[in-house]
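Reading through the structure tokens given below for one structure.
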Amino acid sequence: MTMPAAEPPVENLVDALLSDLSNTVLLSQGAILVVALALAWLVLRHLVARLSPVNREAWHADEWPRFMIPVLTLLAILVSRPLLALSQTVHLFNLAVPLLLSMFIIQFSFFLLRTLFNPGAGLRTAERSLSWLVWGVVALHITGHLGTLVAGMDAVGFSIGKQHISLYTALLGLASVAVTMLGALSAGRLIEGRLIAASHLNGNLKVVLSKLVRALLLVFAVLIALPLVGIDITVLSVFGGALGVGLGLGLQKIASNYVSGFSLLIENSLRIGDMIEVEGRYGKVTEIATRYTVLRAQDGTESIIPNETLITATVINHSLTDKNNRVHLPIQVGYGSDLARVREIMLAAAAAHPRVLKAPAPVVLLKDFGESGIDMELALWIDTPDAGEVLLRSDLNWTIWEAFQRENIEIPFPQRVVHLVNDGAPASA
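Residue numbers (this note's numbering): 30 to 458.
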């Protein structure tokens, strides 16, 4: 494949502007530039002021001036430059266009990165690198050296079959993929926000749709970006074959976890907020990712469970179809206790607790006649399994204990009656 010849070097915009320093045309262009900046600021201020506080925060409207003022000013210059060019040189406008465009690219990229990723050292490094890269390209452009650099990079390359890939093409392809993927992630975030706000959709369906949309957008971004710079996408078949070999040799577990994650979401057997128990771990499902599920225990610890485990192991879901859970509270009383009064006290304690459901009503069961006392059990229902049972049991035990103390009802301790039998006869003389 024959690459097109590189374009001739761009005019040195700095030298052209310096040649106009003694010319009054700079005053008119400077005045238009200042007016365009002022109008852009006023329009943007009016637009942001019309937003409600909720939308202003949700859309990060406070950061709009950083990239909207340069782009609005750029539009004004692009409209007025052809008109002024009929009667005078427009070297100031020619220099302002790449500067404003670079400001827009940098600030808009920062805006997207900050909305997509959490702040941290990595994000700051990416922003700093992007800023240096864009300003470096602009500096080469306005000094007229960009064309020479592009021609040099275009001369270095390699071929894959009939496809020739130069250094310039590869870098341009990476930049195109990065831009389109950033746009795809932003579009995915917007669609995800719409899906989450849709009250008529199931929670798991929202997660499945958002993940599928994001994956499809990323694939389309790559398929769109590569042909834009002249790279044949059939080259990707080589990487597709390598990926298939990798899946067959060493990535089975990872692929299995991904497939299991989508199976869990589609089957709706597990939802965010469910209280589950798996392999001895009990807690609340706080996140279902494509590879793992996060389970938060009552003590605040979080377990990362591979999705394959949730498919192959037995999972006890305490809130799959009904959040009502039954709680059993065993209590032992002495054999001399008034069981009718014991029953009244236990039912009263359950009725007074705000977490105990009125229907189904609590019941008191006489479970067994033990060695030390009579085994009773308070059986009740709650609809808040995510709040746990430890505090509930503690509250009920305190209430029952205080009532037993007032009523002189004995809670026996383990005891055993031992009879000594003298079966030996006295020796005869």
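Where is the CB? At the ideal position from N, CA and C, for every residue including glycine.
Computed from a predicted model, the values in this text were never measured in an experiment.
DSSP places G59 inside the alpha helix (DSSP H), whose first and last residues are V54 to A78. Under the three-state reduction of DSSP, T322 is assigned to strand. Distance from I360 to V385 at the Cβ level is roughly 15 Å; contact not present, criterion being Cβ atoms closer than 8 Å. The count of Cβ pairs closer than 8 Å, one atom from the stretch 107-127 and one from the stretch 141-155, stays below three, leaving the stretches out of contact. When the beta-carbon positions are compared, V356 and M405 stay at least 8 Å from each other. Short of 6 Å from the beta carbon of N286, and not among the five residues preceding or following it, lie these beta carbons of its own chain, in chain order: R320, P335, N336 and E337. Between the alpha carbons of N354 and H347 lies a gap of roughly 7 Å. In chain order, F291, L294 and I295 place their CB closer than 8 Å to the CB of V237, counting only its own chain and leaving out the 5 sequence neighbours on each side. With fewer than 16 neighbouring CB atoms inside 10 Å of its own CB, T343 falls in the exposed class. With contacts defined by Cβ atoms closer than 8 Å, L66 and L141 do not form a contacting pair. The secondary-structure analysis by DSSP pairs D404 across a beta bridge with Q361 and D397. In terms of Cβ geometry, L162 and L169 do not form a close pair [threshold 8 Å]. Taking each of S215, L76 and L299 in turn and checking the Cα distance to T322, the smallest one comes out for L299. Bridge pairing for Y287: absent [DSSP].
According to DSSP, residue pairing for Y197 in a beta bridge does not occur.
A residue is called buried once 16 or more other Cβ atoms fall within 10 Å of its Cβ, and A326, having fewer, is exposed. T330 and V314 have their C-alpha atoms spaced approximately 12 Å apart. For E436, the enclosing alpha helix (DSSP H) covers residues V419 to E436. Annotated three-state conformation of F122 is helix, per DSSP. C-alpha of L129 to C-alpha of R153: approximately 22 Å in a straight line. Burial is judged here by how many other beta carbons sit within 10 angstroms of a residue's own beta carbon; I225 has fewer than 16 and is exposed. Straight through space, the alpha carbons of R218 and P256 are spaced by roughly 25 Å. Between the alpha carbons of L324 and I340 lies a distance of about 15 Å.
If you look at P335, you'll find it in the beta strand (DSSP E) that goes E331 to P335.
Looking at the DSSP output, G186 shares a beta bridge with S195.
When beta bridges are read from the DSSP output, N354 appears opposite I411. Contact between I429 and I374 holds, since their C-beta atoms are separated by about 6 Å, short of 8 Å.
With distances taken between CA atoms, P99 lies nearest to Q136 out of L115, Q136, S57 and A150. DSSP places R384 outside both helix and strand once states are collapsed to three, so it counts as coil. In the DSSP secondary-structure assignment, G312 is bridged to I305.
About 6 Å separates the beta carbons of I317 and I301, which is inside the 8 Å limit, making them a contact pair. Taking the C-beta atoms as reference points, A90 is found no nearer than 8 Å to L103.
In this structure, R370 places its C-beta atom within 8 Å of the C-beta atom of E436. When rounded, the separation of the alpha-carbon atoms in E221 and A408 is 43 Å. At a Cβ-Cβ threshold of 8 Å, L101 and A69 count as neighbours. Around the beta carbon of V64, fewer than 16 other beta carbons lie within 10 angstroms, which makes this residue exposed.
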